[in-house]
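Only one structure is covered here, and it is reproduced in the block below.
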Amino acid sequence: MNIYAALALCFVPLIIIFFFVRRFAQTGIILCLYAVLLGLLAVAPISILQFYAADIPFLNSDHWITQLLRAVLFNGLIEEFIKIIFMLFLPSKRLSLGKFFLCACICGMSLGCFESAIYFLQHLQQANTIGAHLIYAQIFTRMFTSDAVHTLCAGLGALFIRSIKRMRIDIAAVLFAPLIHGLYDFFALYDDFKWFSAAAILFLAVQCRIGYTSQAEEKSAGEKIAEKTEIKRTTKNKIEGEKSQKSSKGAAGTGKIPKEKKAAGKSIKQEKKESLKKDTKRKSDTKQLKIRQIEHNAD
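With the working numbering applied, the sequence shown corresponds to residues 1466 to 1764, in that order.
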């Protein structure tokens, strides 16, 4: 069996989603590579935490309840929590909802594919002993199940991050991601219940669809309200401007004088009339005084 071919096979899903996002979502290659790098870097802290969590006594029992708790806490909670932390480094403010969601999916797929490669190396001795067809079957199974779970859970994590920044926290996204991831790993332990893993993947896909649609509708509704407000403000300013222009043109064309100027002109005319009346009265008083003096001298 060619080891390098099997390792390359583990990263086929990542290559497919990388070129899909690059081609159809018009996302920059640097941003896509950055998302891949974040997914690869998340493997180290996840491995360290799982290494120390493996020594917890109550998680080492073979009882099915213990196995369920181990799957949810050991695999689901740790992996999804670290994944969300690393996805915070994506430039969500500069990206649209769609591009941020797809970059998060690339990050999750990168982590899933690297985990598949580690899984392959761990079971390499088993493949040499039993047969190469076994390990190839396991790789193909993980390509269509585990990698899909990592990708969809990363999508839910992205919706949770986006909801925090929009001040409308999506609790369902942050709860379902570790829970369904853990349930997938739990059902994958038993051959009789592996079909439950497919149900978990379908549930994650539906939840991603619901969360994405909800946030997209909220964003479009907010943009429509802002657009309507802007149109109303622009229309109001335009109408007021046209009214002021018409009033100024009408005053200039008809020779009409503004009210303030009319009031000032009326007060000046009234003052002139009053002063004229005072002069006339003074002149008449002076004339009567002269007449009286002449009559007095004549007597």
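By construction, the Cβ of each residue, glycine as well, lies at the ideal position given by its N, Cα and C atoms.
Nearest neighbour of residue 1480, chosen from 1660, 1579, 1539, 1698 [CA to CA] = Within the sequence shown, the letter at position 15 stands for residue 1480. Checking every option, the nearest Cα to that of residue 1480 belongs to 1579.
task = Can you have a look at residue 1512 and say buried or exposed, based on whether 16 or more other CB atoms are within 10 angstroms of its CB?
result = Within the sequence shown, the letter at position 47 stands for residue 1512. With fewer than 16 other Cβ atoms within 10 Å, it is exposed.
query = Would you call the CB atoms of residue 1536 and residue 1661 closer than 8 Å?
reply = Looking up residue 1536 in the sequence shown gives position 71. Looking up residue 1661 in the sequence shown gives position 196. No; because the gap between Cβ atoms is not below 8 Å, this pair is not in contact.
inquiry  = Relative to the C-alpha of residue 1562, which candidate in 1508, 1526, 1584, 1630 has its C-alpha closest?
reply    = Position 97 of the sequence shown, counted from the start, is the residue given in the question as residue 1562. That would be 1630, whose Cα lies nearest to the Cα of residue 1562.
inquiry  = Can you check which of these residues, 1672, 1758, 1543, is closest to residue 1519 by C-alpha distance?
reply    = Numbered from 1 along the sequence shown, position 54 holds the residue referred to as residue 1519. Cα-wise, what sits closest to residue 1519 is 1543.
message = Quick check: the Cα distance between residue 1684 and residue 1469, rounded to an integer number of angstroms?
response = Taking the sequence shown and counting its residues from 1, one reaches residue 1684 at position 219. Taking the sequence shown and counting its residues from 1, one reaches residue 1469 at position 4. Each residue's Cα considered, the two are about 46 Å apart.
ask   = Going by Cα to Cα distance, which pick from 1525, 1548, 1471, 1502 is closest to residue 1510?
value = Along the sequence shown, read from residue 1 onward, the residue named residue 1510 stands at position 45. For the residues 1525, 1548, 1471, 1502, the minimum Cα distance to residue 1510 belongs to 1548.
Span of the alpha helix (DSSP H) around residue 1642 = Translated into the one-based positions of the sequence shown, residue 1642 becomes position 177. Residue 1642 -> alpha helix (DSSP H) spans 1636-1653.
request  = State the start and end residues of the unbroken alpha helix (DSSP H) segment that holds residue 1564.
outcome  = The residue given as residue 1564 occupies position 99 in the sequence shown. Counting along the chain, the alpha helix (DSSP H) containing residue 1564 begins and ends at 1562-1587.
message = I'd like to check one pair, residue 1506 with residue 1551: are the Cβ atoms closer than 8 Å?
response = Position 86 of the sequence shown holds residue 1551. Position 41 of the sequence shown holds residue 1506. With contacts defined as CB atoms closer than 8 Å, residue 1551 and residue 1506 qualify as a contacting pair.
request  = Locate the alpha helix (DSSP H) running through residue 1479, then write down its first and last residues.
outcome  = The residue labelled residue 1479 in the question sits at position 14 within the sequence shown. Looking at the DSSP string, the run of the alpha helix (DSSP H) that includes residue 1479 is 1477-1489.
query = Going by the CB atoms, is the gap between residue 1638 and residue 1625 shorter than 8 Å?
reply = By one-based count along the sequence shown, residue 1625 stands at place 160. By one-based count along the sequence shown, residue 1638 stands at place 173. Taking 8 Å as the Cβ cut-off, residue 1625 and residue 1638 qualify as a contacting pair.
key: Three-state secondary structure (DSSP) of residue 1685   = Position 220 of the sequence shown, counting from 1, holds the residue named residue 1685. Here residue 1685 sits in helix by DSSP.
request  = Report whether the distance from the Cβ of residue 1578 to the nearest heavy atom of the ligand SAH is below 7 Å.
outcome  = Among the components modelled here there is no ligand, and therefore nothing to report on the ligand SAH.
query = Is residue 1643 closer than 8 Å to residue 1574 when the C-beta atoms are compared?
reply = Along the sequence shown, one-based indexing puts residue 1574 at 109. Along the sequence shown, one-based indexing puts residue 1643 at 178. Against a cut-off of 8 Å, the Cβ pair of residue 1643 and residue 1574 comes out as no contact.
ask   = In whole angstroms, what separates the C-alpha of residue 1588 from that of residue 1621?
value = Within the sequence shown, the letter at position 123 stands for residue 1588. Within the sequence shown, the letter at position 156 stands for residue 1621. Computed Cα separation, rounded: 30 Å.
message = According to DSSP, is residue 1659 part of a helix, a strand, or is it coil?
response = The count along the sequence shown starts at 1 and reaches residue 1659 at position 194. Looking at residue 1659 - three-state DSSP - the assignment turns out to be coil, as it is neither helix nor strand.
inquiry  = Rounded to whole angstroms, what is the Cα-Cα separation between residue 1472 and residue 1586?
reply    = Position 7 of the sequence shown holds residue 1472. Position 121 of the sequence shown holds residue 1586. Each residue's Cα considered, the two are about 8 Å apart.
key: As assigned by DSSP and simplified to three states, the class of residue 1750   = Along the sequence shown, read from residue 1 onward, the residue named residue 1750 stands at position 285. In this structure, residue 1750 counts as helix in the three-state DSSP scheme.
inquiry  = Less than 7 Å between C-beta atoms, sequence neighbours within five positions excluded: which residues of the same chain meet that for residue 1532?
reply    = Locating residue 1532 in the sequence shown gives position 67, counting from the first residue. Excluding positions up to five away in sequence, the list reads 1651, 1654.
message = Below 8 Å on the Cβ atoms is my contact criterion, and I expect residue 1636 with residue 1669 to pass it. Report the Cβ-Cβ distance as a whole number of Å.
response = Position 171 of the sequence shown, counted from the start, is the residue given in the question as residue 1636. Position 204 of the sequence shown, counted from the start, is the residue given in the question as residue 1669. Not confirmed; about 16 Å, so no contact.
task = Measure the CB-CB distance between residue 1482 and residue 1571 and report whether it falls below 8 Å.
result = Mapped onto the sequence shown, residue 1482 falls at position 17. Mapped onto the sequence shown, residue 1571 falls at position 106. Contact flag set, yes.
request  = Could you check which residue in 1752, 1583, 1751 has the C-alpha nearest to that of residue 1475?
outcome  = Here residue 1475 is taken as the residue at index 10 of the sequence shown, counted from 1. Answer by Cα proximity: 1583.
inquiry  = Could you check whether residue 1641 and residue 1680 sit closer than 8 Å to each other, using their CB atoms as the reference points?
reply    = The residue given as residue 1680 occupies position 215 in the sequence shown. The residue given as residue 1641 occupies position 176 in the sequence shown. No; because the gap between Cβ atoms is not below 8 Å, this pair is not in contact.
request  = Indicate whether residue 1567 and residue 1486 have their beta-carbon atoms separated by less than 8 Å.
outcome  = As a working mapping, residue 1567 is identified with position 102 in the sequence shown. As a working mapping, residue 1486 is identified with position 21 in the sequence shown. Yes, these two residues count as a Cβ contact at 8 Å.
request  = Can you give me the Cβ contacts of residue 1484 inside the same chain, cut-off strictly under 8 Å, excluding the 5 residues immediately before and after it?
outcome  = Against the sequence shown, residue 1484 aligns to sequence position 19. For residue 1484, where only same-chain residues beyond five positions count, there are no Cβ hits under 8 Å.
ask   = Helix, strand or coil: which one does DSSP assign to residue 1632?
value = As a position in the sequence shown, residue 1632 is number 167, starting the count at 1. Looking at residue 1632 - three-state DSSP - the assignment turns out to be coil, as it is neither helix nor strand.
query = When the distance is taken between beta carbons, is residue 1557 closer than 8 Å to residue 1546?
reply = Your numbering for residue 1546 matches position 81 in the sequence shown. Your numbering for residue 1557 matches position 92 in the sequence shown. Their beta carbons are not under 8 Å apart, which means residue 1546 does not touch residue 1557 by this criterion.
task = Determine the burial state of residue 1492: buried for a count of at least 16 other Cβ atoms within 10 Å of its Cβ, exposed for fewer.
result = For the purposes of this step, residue 1492 is taken as the residue at position 27 of the sequence shown. That one is buried.
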